[in-house]
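Notes for the one structure printed next.
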Amino acid sequence: MKSLLMTILFTGMLICARAQDPVYPPAPAVAQNIIAAEYYIDSDPGIGNANAVPVIAGVNIPNIPASINVTGLANGIHQLV
-18 MKSLLMTILF TGMLICARAQ DPVYPPAPAV AQNIIAAEYY IDSDPGIGNA
32 NAVPVIAGVN IPNIPASINV TGLANGIHQL V
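Under the numbering used here, think of the first position of the sequence shown as -18, with each following residue one higher.
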């Protein structure tokens, strides 16, 4: 009797604890062009204030050659973003 009661209780908890899917925003109807790119090292100076990387506008911009300026960086580990 005790195991039957525990089974019913556990099943009820599973039904009540069911996760709901989050509400996602709709995807854009058409892919948008990437028109600008920038990078920074270690700390984010804010949008538009980092080092610009020249790009040709497009939906997909693979293999962008970029020259990263490391002048003035101290020896050690840095994060390029």
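Idealized CB from N, CA, C, for every residue including glycine. Given the structure is predicted, the values throughout are model-derived calculations rather than measurements.
Flag this pair as yes or no: are the beta carbons of Ala31 and Asp25 separated by less than 9 Å?
In this structure, Ala31 places its C-beta atom within 9 Å of the C-beta atom of Asp25.
Going by CA-CA distance only, name the one from Val34, Gly53, Leu54 and Thr52 that's closest to Ile45.
Per the Cα distances, Val34.
Three-way DSSP call (helix, strand, coil) for Val34 in this model:
strand
Excluding five sequence neighbours on each side, which residues of the same chain lie with their C-beta closer than 8 Å to the C-beta of Leu54?
Excluding positions up to five away in sequence, the list reads Ile22.
Can you name the residues that DSSP bridges to Ala18?
Val34
Three-state secondary structure (DSSP) of Leu61:
strand
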